[in-house]
Amino acid sequence: MPIFKMPKTSPGLAINSEEDIMNFLNSQDSSKYVNARAALKNSDIYSLIYQLSGDLANAQLIAESSRTQGILNHPTLTSNSHAFWQSMYAQLLLGGEAFAYRWRNANGVDNQWEYLRPSQVTPFLLEDGSGLIYNVTFDEPNIGYVQAIPQSNIIHIRLLSTNGGKTGISPLASLADELAIRDSSNRLTLSALARSIMAPGILSITKSGLLNAKMKAKRSKEFMRQMNDSDNGPIVLDDLEKYTPLEIQGNVAQLLNQASWTGAQIAKVYGVSDSVINGQGDQQSSIDMMNSNYLQSLSRFANAIVGELSDKLAGNIEMDLHSVVDPTGDNYIKNISQLQKNGTLGANQATWLLQQKGYLPNNLPEREQAVEIDSKGSMRGGEDDDEDSN
């Protein structure tokens, strides 16, 4: 009896591009792959991913069905909703795709979703090309490895794709060369600093002293021991020795300035301004223009998210991003006030809109007519803003 039982039929067709095969054969081309965990050690990448994923998680997912809205608001039992969605979006931004398994009851109703790491999931194309299936390795020992999971049970959000949307491409792939240059620059800077610090000065043997390399090294250790034992006191030398301290040269200081990694390239890859990660940005742009550009950048990722959710949940899903760029609602109130002032909205319509957003209570009493007192002390009704006041 064989030890391993091979499946009789193929689970599906592997989804690999020609570039993936060439990169696998050429193992020396390591610049094509950037580890997400290693990339997060870069402060600019961490800052940008944290902000983008956090803002997307702060946005509100709106569904037509109350049942669908419930699973979107409470997708998992192992963490809160914000942490789950931020983890999904962070993985999407780092790896170009994110996965979650839909645990459903016998009636097909979602009970909870389980976040899946990309290393746990392997997608395949059905042999007739009618869809995708997934092989998933669950962390739970009682579940283990499951084959041929239908695509309706997997939430699979993708970014840019070159195979018809079957899989996504990581944005970090375009940063491979930049990160390699950054790492080489850091190693060069650390090496220059280490050498400048490890050699605090030059101890010269005068009077035609002849010492071999071993004796020179021994004298150097004795001199360093003398400096440590002097407790920051003066160093005493005889006429046969001369000590000259060294200083950090200007080229080393210049190297430190060049080693500071700019976030402009990283911000460009994710389609946002470098001001998002404390860069210079566009100095001529106003706050409203910067918010508008940032909202446009977020909408690119939001379209990929709502596209997958709308397809798998069989309903129209929307993502409200306005609360991200206007958390206090001041701009929204200003726009409603402006629309009412120019006659586009009536007073009752503006009040209703503000009540729907929670800025005004639903049981707000009606406005009373203003009362004015003339010069004779008699009271008369003030002017009414309504059109039918006359």
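Note that the sequence shown covers residues 374 to 763 in this note's numbering.
Virtual Cβ for every residue (Gly too), placed ideally from N, Cα, C.
Residue burial classification, residue i (beta-carbon count within 10 angstroms, cutoff 16)
i    : result
W725 : exposed
L450 : exposed
L545 : buried
D703 : exposed
W458 : buried
M588 : exposed
I554 : exposed
S665 : exposed
H455 : exposed
D483 : buried
F397 : Summary for F397: the model assigns pLDDT 43, below 50, so the residue's position carries little reliability; its value from the coordinates is reported in the next sentence. By the 10 Å Cβ count, F397 comes out exposed.
D550 : exposed
V609 : exposed
K730 : exposed
A387 : exposed
D647 : buried
T540 : buried
K594 : exposed
N515 : exposed
Y518 : exposed
W486 : buried
G636 : buried
E681 : buried
T717 : exposed
R673 : exposed
S426 : buried
H529 : buried
P496 : buried
A412 : buried
A479 : exposed
R475 : buried
T441 : buried
Residue i - partner residues in DSSP beta bridges
i    : result
A387 : F497
V509 : V494 and V519
L489 : F472
R531 : E470
Backbone secondary structure at residue i - three-state DSSP
i    : result
N526 : helix
E614 : strand
N484 : strand
R740 : coil
Y732 : coil
S769 : This structure does not reach residue 769, given that the chain is present from 374 up to 763, and the question cannot be answered.
G479 : The residue you asked about is not Gly; residue 479 is Ala in the sequence shown. In the structure shown, A479 sits in coil (DSSP, three-state: anything other than H, G, I, E or B).
S503 : coil
I639 : helix
V649 : helix
K591 : helix
N415 : coil
S603 : coil
L726 : helix
S400 : Legend: pLDDT at S400 = 45, less than 50; position of this residue unreliable, value from coordinates given subsequently. In the structure shown, S400 sits in coil (DSSP, three-state: anything other than H, G, I, E or B).
Supposed contact pair residue j and residue i - C-beta distance, whole angstroms, cut 8 Å
i    : j    : result
L421 : I650 : 5 Å
A430 : R531 : Not confirmed; about 19 Å, so no contact.
I506 : P523 : 6 Å
Q424 : S696 : With 8 Å as the limit, Q424 and S696 do not qualify as a contact, their Cβ atoms being about 15 Å apart.
N415 : L552 : 7 Å
L671 : D417 : Not really, about 18 Å apart at Cβ, beyond 8 Å.
Q713 : A723 : 4 Å
L489 : V509 : 6 Å
F472 : V494 : 5 Å
A409 : G481 : Incorrect: roughly 33 Å between the Cβ atoms, too far for contact.
Proximity test, residue i beta-carbon vs the ligand ZN heavy atom, cut-off 7 Å
i    : result
Q728 : This structure lacks the ligand ZN, and indeed carries no ligand of any kind.
C-beta neighbour in chain B for residue i, strict 8 Å
i    : result
W725 : Annotation note: the requested chain B is absent from the structure, which comprises a single protein chain.
Could you name each continuous beta strand (DSSP E) segment of 3 residues or more that falls completely within the segment 428 to 476, going from the start of the chain to the end?
-> Within the segment 428 to 476, the complete beta strand (DSSP E) runs of at least 3 residues fall at 433 to 436.
Ranges of the alpha helix (DSSP H) found wholly within the segment 651 to 724, counting only runs of at least 4 = The segment 651 to 724 contains these whole alpha helix (DSSP H) runs: 660 to 685, 695 to 698 and 703 to 714.
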